[in-house]
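Student: Dropping the structure in here first, questions after.
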Amino acid sequence: MPPLPPKFVDVNRARSTQGYVSVIGVVVDSLAKIKTGGSSFVATFTIKDSDFEAPAWTGLKIKYFNDNEDLIPDLRLGDVILLRNIRIRLHHGVLLGVASQWDAVPWAIFRQSVESRPSVSLICSPKSAEPTPHEQAYAKSLLNPLVQASSEKQPHQETPDKQPTVTPDVSRKEASNVKKRDSFTLIKDLSVGAYVDLVAEVVKTFREPDKFILYVTDYTTNKALFEYAKPDEEEEEEEEGRPGDEYGYRPRPKRRWKGPFGRMTLQVTLFPPHSYFAEENVKEQDYVYLRKVHIKEPRTGSGVIDGRIHGDRLFPDKIYVSVIEENDDNPRVKELKRRKLEYWKRNRLNKAQDQDSKNAKKRKKEQQQQQQQKKQPVREEGQTEITTTINAKKYEPNKNIQAWNPSIPTRSVTDILTNETHNNSLPGGIQYRLPFQNLCYRATVRVVDFFPPKLEDFAVPYNPEYAVLSDCDSDGLGDSDDDDESVVNGNASQRRRRSRRSWEWRFCLLVEDAKPAPPGQPRDRMKLFVSGNDAVHLLKIDAVDLRRYPDKLAELREKLFILWGDLEERKNASPDGRIDLNATPSSKPFTCCVKEYGVRCGCDVSRDERDEDAMTDDEDGGHKSGCLGWERRFALHGTTIM
Numbered sequence: 000m001p002p003l004p005p006k007f008v009d010v011n012r013a014r015s016t017q018g019y020v021s022v023i024g025v026v027v028d029s030l031a032k033i034k035t036g037g038s039s040f041v042a043t044f045t046i047k048d049s050d051f052e053a054p055a056w057t058g059l060k061i062k063y064f065n066d067n068e069d070l071i072p073d074l075r076l077g078d079v080i081l082l083r084n085i086r087i088r089l090h091h092g093v094l095l096g097v098a099s100q101w102d103a104v105p106w107a108i109f110r111q112s113v114e115s116r117p118s119v120s121l122i123c124s125p126k127s128a129e130p131t132p133h134e135q136a137y138a139k140s141l142l143n144p145l146v147q148a149s150s151e152k153q154p155h156q157e158t159p160d161k162q163p164t165v166t167p168d169v170s171r172k173e174a175s176n177v178k179k180r181d182s183f184t185l186i187k188d189l190s191v192g193a194y195v196d197l198v199a200e201v202v203k204t205f206r207e208p209d210k211f212i213l214y215v216t217d218y219t220t221n222k223a224l225f226e227y228a229k230p231d232e233e234e235e236e237e238e239e240g241r242p243g244d245e246y247g248y249r250p251r252p253k254r255r256w257k258g259p260f261g262r263m264t265l266q267v268t269l270f271p272p273h274s275y276f277a278e279e280n281v282k283e284q285d286y287v288y289l290r291k292v293h294i295k296e297p298r299t300g301s302g303v304i305d306g307r308i309h310g311d312r313l314f315p316d317k318i319y320v321s322v323i324e325e326n327d328d329n330p331r332v333k334e335l336k337r338r339k340l341e342y343w344k345r346n347r348l349n350k351a352q353d354q355d356s357k358n359a360k361k362r363k364k365e366q367q368q369q370q371q372q373k374k375q376p377v378r379e380e381g382q383t384e385i386t387t388t389i390n391a392k393k394y395e396p397n398k399n400i401q402a403w404n405p406s407i408p409t410r411s412v413t414d415i416l417t418n419e420t421h422n423n424s425l426p427g428g429i430q431y432r433l434p435f436q437n438l439c440y441r442a443t444v445r446v447v448d449f450f451p452p453k454l455e456d457f458a459v460p461y462n463p464e465y466a467v468l469s470d471c472d473s474d475g476l477g478d479s480d481d482d483d484e485s486v487v488n489g490n491a492s493q494r495r496r497r498s499r500r501s502w503e504w505r506f507c508l509l510v511e512d513a514k515p516a517p518p519g520q521p522r523d524r525m526k527l528f529v530s531g532n533d534a535v536h537l538l539k540i541d542a543v544d545l546r547r548y549p550d551k552l553a554e555l556r557e558k559l560f561i562l563w564g565d566l567e568e569r570k571n572a573s574p575d576g577r578i579d580l581n582a583t584p585s586s587k588p589f590t591c592c593v594k595e596y597g598v599r600c601g602c603d604v605s606r607d608e609r610d611e612d613a614m615t616d617d618e619d620g621g622h623k624s625g626c627l628g629w630e631r632r633f634a635l636h637g638t639t640i641m
């Protein structure tokens, strides 16, 4: 088989990374073109370039949109399609290839013909160049080898019009004449040392350095698994009644296991590159397809088995973790959902039978509390009551916003800004402070201001062709595209450059600590820049021209309302568009991940040239003492609005 052509990646690598890629693959699943709710048509298909025996969902799903139906590829099962510069993006937790109306994604279809003489026909998208000889050779190598072999060796033994057209799934199985062993296994049938494939639901996830751990179940029981006991009534009430304290003196209890109970859950440890993919794309309650899970018994000798997925030495870019879509009608997925439904039905029935006894215990406990309250001393007339507690809910983080690494404690804004690890000393007593370090923190903050002042400006256009250049290298390039096009209107290169223009999120949040500063002390605040993939992860919305798509603007406004409450309304109501930063904030605090980094110091920019509304510090206008040519910045990352 010829090697991959230059600038192309294999399908497994494409479906594990985000960005623009060029791929060649066999169509293993395809839906007819349909009209969307808007003005576009869409074709949905799945491609693979290896492992054709595995289910179709292990391939790369692609959605191709266009207002002109003739510009969308018309595909059949078994076709080989070449796609250039298609964008891989995250959609509902699954990486998809998406060609939008404004993307220039040329395609070429290689189709096996079984007319009077077997041959390969080539169909290219309008106004696109033919594939190179290297690209054609690789694409043809993915076509049905059985039809080619039979036509070359024994063309006279079979009438051409009766020769069947078969897909790569069938042809490769027949050509081998060996039926591969099905590695799919239920959890109840696991045994130490086996390599198995699993279809399961993710119950819990856990991050470790260079590892990602999944706790999965298919609702079958194996005696060699760890037993998760169902909590009794007293434990449940204790957890509900003692969630920690508002000042952080008592640690909060560990999150209670919510089921399934018993020996139904397998711990699967993922190593790179599978861990990287799962950390970005797999979440609790997802259904997943896990391949080549090695069942092992820990060295502790506990007798409890677990699973591990290591990297493939022969195919280091292969990913053996797939997220199954909710509407997948695979029989194994249906059986899993049926077992889940039956399990929770039984669990609810048992819970209802125990409810009477639990209610009796609860009533008895309430009576004891009432009797205890009667014994408390009565406050005399004129005696004032001293309030010793603060409403804990006021400072409770927003549960609709989640951040990575919940096991890492949070730090205050003051601690982050004055991080003592930046202080350094040299021999001779020379003291200096590092301008920045590449560090990550967790903090509980609330938003008190944002920039730009209009939500329509939160997304900005950029040209991917110049995105790899530094700010200095690209000065004048990004802003000159439109001018160049107006001068050279017929230049095809300029038109292609314009078609590659994309949009990205770019905005800034001004945040402060969730809890107020002690009396007489100022509140420390910090600017958090939000852009690129970090912003997409936060909002779960791809950046578009917000002035052109009011529905996306409305969706963004709803998302940000969860983040900052009525901050936008109060800012718009202000005559000069400014927020009183000393006023008591009304937004709910949230926990987020913050990364510290550095950028080249803009010391050549005078104070007068800076934007007064850009939430910049006064001292940023000139050289700061000890800046060493770098400016310290902070960015939001690893945080999601649910």
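Residue numbers (numbering that gives the first Met the number 0): 0 to 641.
We put the CB at the ideal spot given by N, CA and C, even for glycine.
1. Do you know whose CA, among R262, D316, I304, I80, lies nearest R276's CA?
2. Going by DSSP in three states, Y394 sits in which element: helix, strand or coil?
3. Can you give me the start and stop residues for the alpha helix (DSSP H) that K6 sits inside?
4. Taking contact to mean 3 or more Cβ pairs, one atom from each stretch, closer than 8 Å, check whether the stretch 197 to 213 and the stretch 341 to 348 are in contact.
5. Could you give the residue range of the beta strand (DSSP E) that holds K62?
6. If you follow the alpha helix (DSSP H) that R556 is in, where does it begin and where does it stop?
7. In three-state DSSP terms, what is A103?
8. Check this for me: beta carbons of R599 and G637, under 8 Å apart or not?
9. Given that a residue counts as buried once 16 or more other Cβ atoms are within 10 Å of its Cβ, and exposed if not, what is W56?
10. Nearest to F560 by alpha carbon, out of V446, Y596, H536?
11. I318 to L416, Cα distance in whole Å?
12. Drop a sphere of 10 angstroms on the beta-carbon of P426, count the other beta-carbons inside from all chains shown, and report buried for 16 or more, exposed for fewer.
13. Starting from the Cα of P5, find the closest Cα among A128, E134, V119 and give me that residue.
14. Taking 8 Å as the CB-CB limit, is L82 close to chain C?
15. Can you tell me the Cβ-Cβ gap for V202 and T264, rounded? I've got them flagged as a contact below 8 Å.
16. Between which residues of its own chain and D78 is the CB-CB distance below 6 Å, once the five residues before and five after are set aside?
17. Could you spell out where the beta strand (DSSP E) holding N423 opens and where it closes?
18. Please name the residue in I304, F260, L74, E296 whose C-alpha comes closest to that of S29.
19. Distance, Cα to Cα, P188 vs C592?
20. Could you tell me the distance, in whole angstroms, from the CA atom of K229 to the CA atom of Y394?
21. Determine, using beta-carbon pairs with one atom in the stretch 282 to 296 and one in the stretch 318 to 332, whether at least three such pairs fall under 8 Å.
22. Could you say if the stretch 117 to 129 and the stretch 64 to 73 meet the contact criterion of at least three C-beta pairs nearer than 8 Å?
23. Of the choices S49, R524, R262, T639, whose alpha-carbon is the least far from that of L538?
24. With a 10 Å radius around its C-beta and 16 neighbouring C-beta atoms as the bar for buried, classify I33 as buried or exposed.
25. Using the beta-carbon count (16 or more within 10 Å), is S274 buried or exposed?
26. Can you give the beta carbon distance from V20 to I85, rounded, assuming they're within the 8 Å contact cut?
27. Examine the Cβ distances between the stretch 551 to 567 and the stretch 526 to 535 and report whether three or more of them are shorter than 8 Å.
28. In three-state DSSP terms, what is P460?
29. Which residues share a DSSP beta bridge with F589?
30. With a threshold of 7 Å on Cβ separation, who are the neighbours of V97 within its own chain once the five nearest residues in sequence on each side are excluded?
31. With a CB to CB cut of under 7 Å and the five nearest residues on each side skipped, what residues in its chain are close to Q100?
32. Rounding to the nearest angstrom, what Cα-Cα distance links V215 and A199 in this structure?
33. In the DSSP assignment, what are the bridge partners of D196?
34. Where does E324 sit, in a helix, a strand or coil, going by DSSP?
35. Report back the beta-carbon spacing between R262 and F225 to the nearest angstrom; my notes put them in contact at under 8 Å.
36. For N11, count neighbouring Cβ atoms within 10 angstroms of its own Cβ and tell me buried if that reaches 16, exposed if not.
Tutor: Reading off the structure:
1. Position 277 of the sequence shown, counting from 1, holds the residue named residue 276. The sequence given here places Phe at residue 276; Arg does not occur at that position. The option with the nearest alpha carbon to F276 is D316.
2. Counting from 1 along the sequence shown, the entry for residue 394 is found at position 395. Looking at Y394 - three-state DSSP - the assignment turns out to be helix.
3. By one-based count along the sequence shown, residue 6 stands at place 7. First-last for K6: undefined, no H or E at that position.
4. no
5. Within the sequence shown, residue 62 is the residue found at index 63, counting from 1. That run of the beta strand (DSSP E) goes 59 to 65.
6. As a working note, residue 556 is residue 557 in the sequence shown. It spans 549 to 563 - the alpha helix (DSSP H) in which R556 sits, taken as one unbroken run.
7. Reading the sequence shown from its first residue, position 104 is the one you call residue 103. Correct three-state label for A103: coil.
8. The residue you call residue 599 lines up with position 600 of the sequence shown. The residue you call residue 637 lines up with position 638 of the sequence shown. Result no, Cβ atoms of R599 and G637 do not sit closer than 8 Å.
9. By 1-based counting over the sequence shown, the position of residue 56 is 57. With 16 or more Cβ atoms within 10 Å of its Cβ, W56 is classed as buried.
10. Indexing the sequence shown from 1 puts residue 560 at position 561. The shortest C-alpha separation from F560 is found at V446.
11. In the sequence shown, counting from the first residue as 1, residue 318 sits at position 319. In the sequence shown, counting from the first residue as 1, residue 416 sits at position 417. Cα to Cα, I318 sits roughly 40 Å from L416.
12. Against the sequence shown, residue 426 aligns to sequence position 427. Counting Cβ neighbours within 10 Å, P426 comes out exposed, since fewer than 16 surround it.
13. Numbered from 1 along the sequence shown, position 6 holds the residue referred to as residue 5. Nearest C-alpha to P5: E134.
14. The chain labelled as chain C is not found in the depicted structure, where only one protein chain is given.
15. Position 203 of the sequence shown, counted from the start, is the residue given in the question as residue 202. Position 265 of the sequence shown, counted from the start, is the residue given in the question as residue 264. V202 to T264, Cβ: 6 Å. Contact.
16. Residue numbering aside, residue 78 sits at position 79 when the sequence shown is read from its first letter. If we look at D78 and ignore the five residues flanking it on each side, its Cβ neighbours are V26, I108, R110.
17. Translated into the one-based positions of the sequence shown, residue 423 becomes position 424. First-last of the beta strand (DSSP E) with N423: 422 to 425.
18. In the sequence shown, counting from the first residue as 1, residue 29 sits at position 30. Taking only the C-alpha atoms, the option nearest S29 is L74.
19. In the sequence shown, counting from the first residue as 1, residue 188 sits at position 189. In the sequence shown, counting from the first residue as 1, residue 592 sits at position 593. It should be pointed out that residue 188 corresponds to Asp in this sequence rather than to Pro. Computed Cα separation, rounded: 41 Å.
20. In the sequence shown, the residue the question calls residue 229 occupies position 230. In the sequence shown, the residue the question calls residue 394 occupies position 395. Their Cα atoms are separated by approximately 32 Å.
21. yes
22. yes
23. Position 539 of the sequence shown, counted from the start, is the residue given in the question as residue 538. Among S49, R524, R262, T639, the Cα nearest to that of L538 is on T639.
24. Translated into positions along the sequence shown, residue 33 becomes position 34. Label assigned to I33: exposed.
25. On the sequence shown, residue 274 is found 275 positions in, with the first residue counted as 1. Per the 10 Å Cβ criterion, buried.
26. Working through the sequence shown from its first residue, we reach residue 20 at position 21. Working through the sequence shown from its first residue, we reach residue 85 at position 86. So it is a contact: roughly 6 Å between Cβ atoms.
27. no
28. In the sequence shown, residue 460 corresponds to position 461, counting from 1. DSSP places P460 in strand when its eight states are reduced to three.
29. Taking the first residue of the sequence shown as position 1, residue 589 is located at position 590. Paired residues: V444.
30. The residue given as residue 97 occupies position 98 in the sequence shown. K62, R86, R88, listed in sequence order.
31. Locating residue 100 in the sequence shown gives position 101, counting from the first residue. By the criterion of a C-beta distance shorter than 7 Å, Q100 is surrounded in its chain by S39, F64, N65, D66, once the five residues flanking it on both sides are discounted.
32. Taking the first residue of the sequence shown as position 1, residue 215 is located at position 216. Taking the first residue of the sequence shown as position 1, residue 199 is located at position 200. For the pair V215 and A199, the Cα-to-Cα distance works out to about 6 Å.
33. Within the sequence shown, numbered from 1, the residue matching residue 196 stands at position 197. In DSSP, D196 forms a bridge with F183.
34. The residue given as residue 324 occupies position 325 in the sequence shown. In the structure shown, E324 sits in coil (DSSP, three-state: anything other than H, G, I, E or B).
35. One-based indexing of the sequence shown puts residue 262 at position 263. One-based indexing of the sequence shown puts residue 225 at position 226. That belief holds up - the Cβ atoms of R262 and F225 are roughly 7 Å apart, short of 8 Å.
36. In the sequence shown, residue 11 corresponds to position 12, counting from 1. N11 is buried by the Cβ-count criterion.
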